[in-house]
Every structure is written in structure tokens, then in C-alpha cells.
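In our numbering, the protein residues as written are 61 to 203.
Glycine is no exception: its CB is placed at the ideal position from the N, C-alpha and C atoms.
If you're wondering where the values come from, they're calculated on a predicted model, not measured in any experiment.
Structure follows, in C-alpha cells:
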């Protein structure tokens, strides 16, 4: 299946947003990347919020929760990918350092052509998973 530029940009935008949201987390909240390139979400114990702060604080908390939900969705979608696709996406888009395609395929010890085949398959699957997630979110908000 061939993706058009709009669909590729959509997936890249989601992954870029994930990285921006990750900057807002504390070190303890950051997901850990295991050697198998799976995300292990940080454990955050249930900390109920008991405060008499004003609406601004409540909005900040809601925004933070939305960011965490978004990040969780990205992590779940990426973890559903086969190992090679997951490794490529994590190495290229989800690790802290900005990486270029050629750096990733050299690190993965695969050819450039194979890299782009794997990347295209991963993007196709992620586009589908992200679309399904957004559709479900729309249905939940409509309830």
C-alpha cells in the first residue's frame, strides 16, 4: 500500500507531538525504552488531587492528563508493530536525540532500500492505528 504525503505527514506530526509532550514530563514519568525497543510506562502511583486551587490549576491538570493519554496512545500503537518496524520508529522518531534516516539504517545494519520499505509499512500501520484511536475518541466525546 502506498501512502500519500498527507498521510505520511500526519504520522510524523503525531510522533513529533509525542516528543514535545515528553518534554513536559518529569524524569520519573518518562517511559523507559527496553532493549527490545518496547516502551515500559513509568509507574505513577495513584495520587489524588486534593486542593482548593482555582480553575487555572484544574485546567493545567486536565491538559497534563490529556498529554499523558496521548503519549500512552502513541506508545500502545508503536508497541503493536513488529520488532523491526518498532525499532525503526523508536530509533528514528522517539528517542531523545534527533536522528536522520541514514543514521538509523546504518545502526540497524540494513540497506537504505530495506529501511524505507520497513518505514513505509510502519507508517501505514501507524496511520491506521492513529485513525482508529481518533475515531474512538470522537465516539467517546459524543456520549
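### residue 78, enclosing alpha helix (DSSP H) - first and last residue
That run of the alpha helix (DSSP H) goes 65-82.
### Query
With burial defined as no fewer than 16 other Cβ atoms inside 10 Å of the residue's Cβ, what is the status of residue 148: buried or exposed?
Classification for residue 148: buried.
### Beta-carbon proximity list for residue 181, same chain, < 7 angstroms, skipping 5 on both sides
Contacts found: 145.
### Task
Answer with buried or exposed for residue 165, where buried requires no fewer than 16 other C-beta atoms within 10 angstroms of its C-beta.
It counts as buried.
### Query
Between the segment 119-134 and the segment 157-164, do three or more beta carbon pairs fall short of 8 angstroms?
Output reads no: the segment 157-164 does not touch the segment 119-134.
### Task
Quick one: give me the first and last residue of the alpha helix (DSSP H) that residue 132 is part of.
It spans 115-139 - the alpha helix (DSSP H) in which residue 132 sits, taken as one unbroken run.
### Query
Of all the options 176, 137, 81, 152, which has the alpha carbon lying nearest to the alpha carbon of residue 123?
Closest in C-alpha terms to residue 123, from the list 176, 137, 81, 152, comes 81.
### Query
Straight-line CA distance for residue 156 to residue 79?
When only Cα atoms are considered, residue 156 and residue 79 end up about 8 angstroms apart.
### Task
Go ahead and label residue 111 buried or exposed: buried means 16 or more other beta carbons lie within 10 angstroms of its beta carbon, across all protein chains shown.
Summary for residue 111: the model assigns pLDDT 47, below 50, so the residue's position carries little reliability; its value from the coordinates is reported in the next sentence. Counting Cβ neighbours within 10 Å, residue 111 comes out exposed, since fewer than 16 surround it.
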